[in-house]
Every structure is written in structure tokens, then in C-alpha cells.
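Using my numbering, read the sequence shown as starting at 1370 and increasing by one per residue.
The C-beta atom is built at its ideal place from N, Cα and C for all residues, glycine as well.
To start, the structure itself, in C-alpha cells.
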Amino acid sequence: MFDKLEVNEGMLVENIVAQMLRAAGHKLYFFSNSSRTSADDRM
């Protein structure tokens, strides 16, 4: 569990920032690139 602590912290920070943006009245957007033709085109 502790080997993934950095990833979990990143997820927490992302959610905190999203909540702060929403509280300030901003809209949230999600980007998804589902291209399966080339690994270079994926995020």
C-alpha cells in the first residue's frame, strides 16, 4: 500500500483542486482520447 502513496496523494490533490474550482463557480471538463490506432496518440 505504501508503495502507491504518491499516486494516492496525486488523486487527492486532483480532487481537492476540482472541488475548489467548482466552489468558485468554474465548470469542470474531462478529456479522454480513446484512439487505439497508435500509442503515441494516447494520454
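When DSSP labels each residue in this structure, what does residue i get in the three-state scheme?
{"i": "Gly-1379", "result": "helix"}
{"i": "Leu-1390", "result": "helix"}
Spatial neighbours of residue i within its chain, please: CB distance less than 8 angstroms, with the 5 preceding and 5 following residues excluded, ordered by chain position.
{"i": "Met-1389", "result": "none"}
{"i": "Leu-1397", "result": "Ala-1387, Leu-1390 and Arg-1391"}
Check whether the Cβ of residue i lies closer than 8 angstroms to any Cβ atom in chain C.
{"i": "Glu-1375", "result": "Any reference to chain C falls outside this structure, which holds one protein chain only."}
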